[in-house]
Amino acid sequence: MHGLLLKRSMLLLATAAALLATGCKKEEVKSDDAAPAAVAPPTGYTCCNFHYSGDWINDGNYAQLPMIPAGTPILLTSIDRYIAYVEIEGKKYRLGLDYGRTAETTEQWANKLIVKDDPKARLAAWSPAVRKAIQSGQVMPGMTKEQVIMSLGYPMTNENPRLDAPYWRYWWSSWGEYKIHWNGAGRVKEVTGHPETVAHMLAQGHAAPEPAPASATPAVKKTATKPVSTKKGVTKDATAK
176 MHGLLLKRSM LLLATAAALL ATGCKKEEVK SDDAAPAAVA PPTGYTCCNF HYSGDWINDG
236 NYAQLPMIPA GTPILLTSID RYIAYVEIEG KKYRLGLDYG RTAETTEQWA NKLIVKDDPK
296 ARLAAWSPAV RKAIQSGQVM PGMTKEQVIM SLGYPMTNEN PRLDAPYWRY WWSSWGEYKI
356 HWNGAGRVKE VTGHPETVAH MLAQGHAAPE PAPASATPAV KKTATKPVST KKGVTKDATA
416 K
């Protein structure tokens with residue numbers, strides 16, 4: 176009888192110990208999952224125009240929303256799964272990787288959006304028509320890929336895995352799709368989509384190509400010639416000495 180009671184007591188103690196260990200293990204996992212990833216807080220500038228709703232900015236970057244201009248100072252404070260927490264001009268925002276999660280990590284996406292050098296320096300070097308289009312969040316035929324990215328942001332990577340594709344797909348809103356088509360020189364050929372959407376996104380005019388840099392090769396100086404008589408009376412040109 177005493178042996179049976181001892182066995183039962185030992186069994187109860189073993190069961191309680193197992194339950195306690197399991198509970199502690201679950202609590203530890205839950206605590207780890209809840210902690211956001213710690214990252215260094217780099218500072219930089221917005222690569223392009225950001226569109227936001229409240230404190231939310233996602234990779235759809237819907238053009239109908241209010242805009243934060245390219246070249247605005249930005250501070251990255253942390254990254255937690257698919258959200259990068261940032262501060263822009265003293266206000267906190269969340270950058271959400273909603274659509275491109277299978278194509279890139281949140282860190283990779285954030286590194287594209289936050290750049291070290293202020294893009295306003297590049298913007299100032301372009302023509303007034305291009306500057307106006309970018310400051311309005313629009314595009315025009317003849318713009319380069321760099322200029323389009325500064326104006327519209329990067330296209331969603333789940334729909335545009337390659338930037339050398341013949342067109343990029345963008346969204347004016349969750350329902351307003353449009354496409355930027357490229358010519359062989361990598362410049363905007365046309366913008367297609369619903370006429371109302373295209374009207375919102377297409378700026379007036381055409382982006383003129385940047386002037387080619389001056390050639391370092393010196394111009395060839397032409398030499399003067401004078402006629403020379405031959406024995407048969409026929410003249411020919413000879414270089415003057």
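Residue numbers (our numbering): 176 to 416. From the three backbone atoms N, C-alpha and C, an ideal C-beta is built for every residue, glycine too. Predicted model only: the values in this text are computed from it and were never measured.
With 16 other Cβ atoms within 10 Å as the buried cut-off, status of residue i
i: Trp231; result: exposed
i: Ala285; result: buried
i: Thr277; result: exposed
i: Trp350; result: exposed
i: Gly229; result: exposed
Beta-ladder partner(s) of residue i, from DSSP
i: Ser253; result: Tyr260
i: Asn233; result: Gly271
i: Met242; result: His226
i: Ile135; result: The requested residue 135 does not occur in the structure, where the chain is confined to residues 176 to 416.
i: His356; result: Tyr342, Glu365
i: Lys266; result: Ile263
i: Pro248; result: Tyr220
i: Val314; result: Leu377
i: Thr319; result: Arg362
Alpha-carbon spacing of residue i relative to residue j, whole angstroms
i: Tyr257; j: Gln283; result: 11 Å
i: Ile249; j: Ala374; result: 31 Å
i: Pro216; j: Pro370; result: Summary for Pro216: the model assigns pLDDT 49, below 50, so the residue's position carries little reliability; its value from the coordinates is reported in the next sentence. About 43 Å.
i: Arg269; j: Gly312; result: 21 Å
i: Ala296; j: Asn335; result: 28 Å
i: Trp220; j: Met325; result: Note that residue 220 is Tyr in the sequence shown, not Trp. Approximately 12 Å between the Cα atoms of the pair.
i: Thr281; j: Gln239; result: 24 Å
i: Leu288; j: Ala259; result: 11 Å
i: Asp292; j: Leu338; result: 22 Å
i: Pro384; j: Tyr237; result: 28 Å
i: Ala300; j: Trp343; result: 25 Å
i: Lys266; j: Leu298; result: 25 Å
Assumed close pair residue i, residue j - CB separation to whole angstroms, cut-off 8 Å
i: Pro316; j: Ala382; result: 7 Å
i: Pro294; j: Ala245; result: 5 Å
i: Lys320; j: Gly380; result: Incorrect: roughly 18 Å between the Cβ atoms, too far for contact.
i: Thr247; j: Val261; result: Actually they do not touch by this definition, with Cβ atoms about 11 Å apart.
i: Gly275; j: Asn333; result: 5 Å
Close-in-space but distant-in-sequence residues of the same chain around residue i (CB under 7 Å, 5 per side omitted)
i: Tyr353; result: Tyr345, Trp347, Val366, Thr367, Gly368, Thr372, Val373, Met376
i: Val314; result: Ala308, Val323, Ser326, Leu327, Ile355, Val363, Val366, Met376, Leu377, Ala378
i: Tyr227; result: Leu240, Pro241, Ile243, Tyr268
i: Glu279; result: Thr332
Cutoff 6 Å; reference residue i; Cβ partners in own chain excluding five residues on either side
i: Ala340; result: none
i: Thr218; result: Leu250
i: Glu264; result: none
i: Cys222; result: Leu288, Val290
i: Gln310; result: none
8 Å Cβ shell around residue i - same chain, five flanking residues per side excluded
i: Lys364; result: Pro316, His356, Trp357, Asn358
i: Met318; result: Val305, Ala308, Ser326, Arg362, Val363, Ala382
i: Asp273; result: Asn233, Asp234, Gly235, Tyr257
CB contact check: residue i to chain C, cutoff 7 Å
i: Ser302; result: The structure shown contains no chain C; it is built from a single protein chain.
Proximity test, residue i beta-carbon vs the ligand GDP heavy atom, cut-off 6 Å
i: Leu377; result: For the ligand GDP, the structure offers nothing, since it holds no ligand at all.
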